[in-house]
Amino acid sequence: MTLDLLLTGATIFDVARSRTYAGWLGIRGGRFQYVEEGEVPAGIDAVETRDLGGRRVTPGLIDAHMHIESSLLTPRRFAEAVLPHGTTTVMTDPHELANVLGVVGVTYTLDASEGLPLRVYVAVPSCVPATTAELETALGKIDAGDVRRLAAHPRVLALGEVMDYQGLAAGVTALPSLITAAQDAGLLIEGHTPTLGGTVLSDYTAYGILSDHTLSTPEKLLEQLTKGYTVMLQEKSLNAEVVRAVLELPDRSRVLLVTDDVMPNRLEGGHLSRLVNLAADLGWPLVDAVAAASLRPAMYLGLRHVGILAPGRAADFCVLEAGADFQVNETWVAGQPVARQGQCLTKTVPFPAPAGGELTRPTIDAAALTFAVPDGSHLTNVLRANTRNTFTVLEPQQVTFDQGWPQDGSSDDVLNTVAVFTRQGSGPPGLGLLRGFGLRSGAFASTLAHDSHNLLVVGRSRQDMLAAAQLLQRAGGGMAYVHGEEHLHLPLAVAALISDAPLADVARDFEAIEAALRRGGVVHLNPVLFLTILPLTVSPQVKVSDRGLVDVERRALLPLFP
Numbered sequence: 033m034t035l036d037l038l039l040t041g042a043t044i045f046d047v048a049r050s051r052t053y054a055g056w057l058g059i060r061g062g063r064f065q066y067v068e069e070g071e072v073p074a075g076i077d078a079v080e081t082r083d084l085g086g087r088r089v090t091p092g093l094i095d096a097h098m099h100i101e102s103s104l105l106t107p108r109r110f111a112e113a114v115l116p117h118g119t120t121t122v123m124t125d126p127h128e129l130a131n132v133l134g135v136v137g138v139t140y141t142l143d144a145s146e147g148l149p150l151r152v153y154v155a156v157p158s159c160v161p162a163t164t165a166e167l168e169t170a171l172g173k174i175d176a177g178d179v180r181r182l183a184a185h186p187r188v189l190a191l192g193e194v195m196d197y198q199g200l201a202a203g204v205t206a207l208p209s210l211i212t213a214a215q216d217a218g219l220l221i222e223g224h225t226p227t228l229g230g231t232v233l234s235d236y237t238a239y240g241i242l243s244d245h246t247l248s249t250p251e252k253l254l255e256q257l258t259k260g261y262t263v264m265l266q267e268k269s270l271n272a273e274v275v276r277a278v279l280e281l282p283d284r285s286r287v288l289l290v291t292d293d294v295m296p297n298r299l300e301g302g303h304l305s306r307l308v309n310l311a312a313d314l315g316w317p318l319v320d321a322v323a324a325a326s327l328r329p330a331m332y333l334g335l336r337h338v339g340i341l342a343p344g345r346a347a348d349f350c351v352l353e354a355g356a357d358f359q360v361n362e363t364w365v366a367g368q369p370v371a372r373q374g375q376c377l378t379k380t381v382p383f384p385a386p387a388g389g390e391l392t393r394p395t396i397d398a399a400a401l402t403f404a405v406p407d408g409s410h411l412t413n414v415l416r417a418n419t420r421n422t423f424t425v426l427e428p429q430q431v432t433f434d435q436g437w438p439q440d441g442s443s444d445d446v447l448n449t450v451a452v453f454t455r456q457g458s459g460p461p462g463l464g465l466l467r468g469f470g471l472r473s474g475a476f477a478s479t480l481a482h483d484s485h486n487l488l489v490v491g492r493s494r495q496d497m498l499a500a501a502q503l504l505q506r507a508g509g510g511m512a513y514v515h516g517e518e519h520l521h522l523p524l525a526v527a528a529l530i531s532d533a534p535l536a537d538v539a540r541d542f543e544a545i546e547a548a549l550r551r552g553g554v555v556h557l558n559p560v561l562f563l564t565i566l567p568l569t570v571s572p573q574v575k576v577s578d579r580g581l582v583d584v585e586r587r588a589l590l591p592l593f594p
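Using our numbering, the first residue of the sequence shown is number 33, and each one after it goes up by one.
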């Protein structure tokens with residue numbers, strides 16, 4: 033027997049035993065034939081032999097919970113972006129595309145990812161729409177019959193995160209029928225529990241929920257593990273206290289690292305690799321952090337052929353740069369090099385964009401951005417932001433209006449207007465007011481606005497807000513920033529959600545918009561991410577949809593003027 037490739041002089045990451053050892057690897061037919069400690073014995077033949085000179089070899093990274101659309105890229109462009117950082121397998125929940133296109137959004141994701149050098153598995157979105165027609169207007173819909181049909185695809189592994197957590201816990205949604213259909217098909221059931229605990233968490237979990245990826249604390253982590261969860265830690269959950277709680281566990285097999293959402297400008301600097309390095313910086317041993325991003329996700333997803341360097345497993349691996357951290361020099365999938373020194377080696381081909389979900393509103397005018405209230409001071413329900421995450425709370429306060437527009441004078445606590453217009457039709461927008469975001473000049477608009485992806489516009493000046501909205505109407509969607517004569521646009525030609533341009537182009541345009549927001553006074557850690565979550569009616573605590581203010585915890589609309 034002759035090997036295709038023999039790698040000698042390797043420092044091998046043993047993620048099963050949390051150790052490294054000096055050894056060698058033999059690859060044949062896209063799989064590992066040998067992964068051995070010590071020197072290569074006599075009689076081993078190979079077509080090609082390479083001495084790694086002590087370089088570290090790890091399993092390819094596996095992201096068990098993420099959304100390709102958050103990168104604003106099509107599947108092929110996303111693959112080109114993450115393979116150089118060592119990610120070789122993902123499970124994506126395409127609920128952005130599905131909320132606009134329904135089942136077509138899921139089938140597009142499956143078809144467009146077929147044959148890529150990145151292994152792409154899919155979770156069927158469970159909350160399409162995210163809540164109910166009383167709270168927001170949505171285009172897409174996925175029902176139990178759709179779940180059953182999609183579950184027949186070999187790369188569909190799960191029912192995506194059940195985001196209407198309050199509705200499910202209270203038993204007032206149609207979600208149980210989708211969950212039953214998914215369970216009958218043998219799919220995993222993914223959770224989304226940002227605020228649940230105690231018996232309410234148990235009521236939610238009893239439906240068969242198996243995981244959660246939302247912001248975690250040591251107390252939340254421990255309760256969820258006790259209640260049977262696989263706990264997925266994304267970047268915002270990684271801090272010294274959480275890592276300490278993880279390291280004190282006698283069994284970490286149900287603790288994973290996941291990315292969830294990575295914006296394009298962040299993607300240039302790393303993907304799941306970023307979390308591995310952050311965890312290690314916080315004291316998590318590097319080999320074990322890699323296990324939380326390889327072997328353990330593979331076990332959770334039921335993927336027996338990946339996640340570990342072992343005989344018979346797919347030869348998906350990374351060769352790291354010299355040094356102590358996780359910096360990838362080469363990425364291999366199925367025994368073939370797919371990325372080297374930050375560049376994807378595999379050419380991908382465009383895939384036809386799906387039809388439907390276009391932005392077709394009549395041109396928005398000033399009347400649509402007028403608050404129906406007499407001149408003077410009025411008690412108003414205002415949203416309050418913080419500078420670190422997407423939580424927004426209600427803060428009733430007196431606001432002065434003049435000709436239907438809020439006035440905040442020279443206050444340091446800037447008052448921004450939020451408007452959400454349906455993608456299609458001509459109904460009035462949902463209007464809200466926001467403090468704590470700090471945008472003093474210019475306006476932002478986006479057709480990527482979780483989860484129904486209606487047209488979001490945020491600003492201080494009615495003129496700039498109108499110009500930003502109209503720019504996107506002319507362009508058919510995307511993201512925009514307008515301040516007087518300054519017009520910035522990030523085109524998102526595929527369903528007005530994602531782009532088939534290379535990452536560098538998308539990241540450049542995204543960064544330009546985010547930099548303009550910061551020049552306009554915004555100090556939030558992730559300005560665009562915060563803004564695109566403002567209409568998400570399942571994100572605590574109060575948000576703005578095209579119907580108006582939404583109390584997420586009570587699942588009810590709130591009056592702007594109480």
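From the three backbone atoms N, C-alpha and C, an ideal C-beta is built for every residue, glycine too.
No experiment lies behind these values; they were computed from the predicted model shown.
- In the three-state reduction of the DSSP assignment, I94 falls in the strand class, which pools E and B.
- For L142 and L447, the gap between their C-alpha atoms comes out near 43 Å.
- Short of 7 Å from the beta carbon of V555, and not among the five residues preceding or following it, lie these beta carbons of its own chain, in chain order: T419, G470.
- Judged by DSSP in its simplified three-state form, P369 adopts strand.
- Counting the other Cβ atoms within 10 Å of the Cβ of R586 gives fewer than 16, which makes it exposed.
- The DSSP assignment places 262-265, 287-289 as complete runs of the beta strand (DSSP E) inside the segment 225-296, in order along the chain (cut-off: 3 residues).
- In this structure, V450 is the residue among V381, D444, E390, V450 with its C-alpha nearest to the C-alpha of F403.
- Distance from the CA of G462 to the CA of G408, rounded to the nearest whole angstrom, comes to 21 Å.
- By the Cβ neighbour-count rule, K379 is exposed, with fewer than 16 other Cβ atoms within 10 Å of its own.
- In the DSSP secondary-structure assignment, P116 is not bridged to any residue.
- Assignment of alpha helix (DSSP H) within the segment 323-402, counting only whole runs of 4 or more residues, yields 327-333 in chain order.
- The DSSP-derived three-state label of I565 is helix.
- With a minimum length of 3 residues, the unbroken runs of beta strand (DSSP E) contained wholly in the segment 467-508 fall at 475-478, 487-491.
- Distance from the CA of T262 to the CA of A277, rounded to the nearest whole angstrom, comes to 15 Å.
- L148 sits close to R108, with the two beta carbons spaced by under 8 Å.
- The C-beta distance from E146 to I530 rounds to 17 Å, too long to fall under 8 Å, and the pair is not in contact.
- Distance from the Cα of V287 is smallest, within the candidate group R298, R540, V322, for V322.
- Across the set D532, S493, G516, the C-alpha of D532 shows the shortest separation from the C-alpha of G510.
- Note that the segment 76-93 does not touch the segment 504-518; fewer than 3 beta-carbon pairs, one per stretch, sit closer than 8 Å.
- Taking T424 as the centre and dropping the five residues before and after it, the same chain places the C-beta of L415, A417, V574 closer than 6 Å to its C-beta, in chain order.
- Secondary structure within the segment 146-188: the beta strand (DSSP E) runs of 3 or more consecutive residues, fully enclosed, are 151-156 (chain order).
- Boundaries of the alpha helix (DSSP H) around N131: 127-133.
- Judged by their CB atoms, L242 and K259 are not nearer to each other than the 8 Å cut-off.
- About 30 Å separates the beta carbon of L589 from that of M295, a gap too long to meet the 8 Å contact definition.
- Among the bridge pairs identified by DSSP, H410 is matched with V431.
- When DSSP states are grouped into helix, strand and coil, R420 belongs to the coil group.
- Around the CB of A206, fewer than 16 other CB atoms lie within 10 Å, so the residue is classed as exposed.
- DSSP places G199 inside the alpha helix (DSSP H), whose first and last residues are 197-202.
- Secondary structure of L210 (DSSP, three-state): helix.
- By the criterion of a C-beta distance shorter than 8 Å, S209 is surrounded in its chain by D175, A176, once the five residues flanking it on both sides are discounted.
- For S305, there is no enclosing beta strand (DSSP E); the enclosing alpha helix (DSSP H) covers residues 304-313.
- In the structure shown, Q215 adopts helical secondary structure according to DSSP, grouped into three states.
- Here Y66 is bridged, per DSSP, to G58.
- Judged by DSSP in its simplified three-state form, D143 adopts helix.
- Per DSSP, the beta-bridge partners of G580 are S577.
- In the three-state scheme derived from DSSP, where H, G and I count as helix and E and B as strand, A451 is classed as strand.
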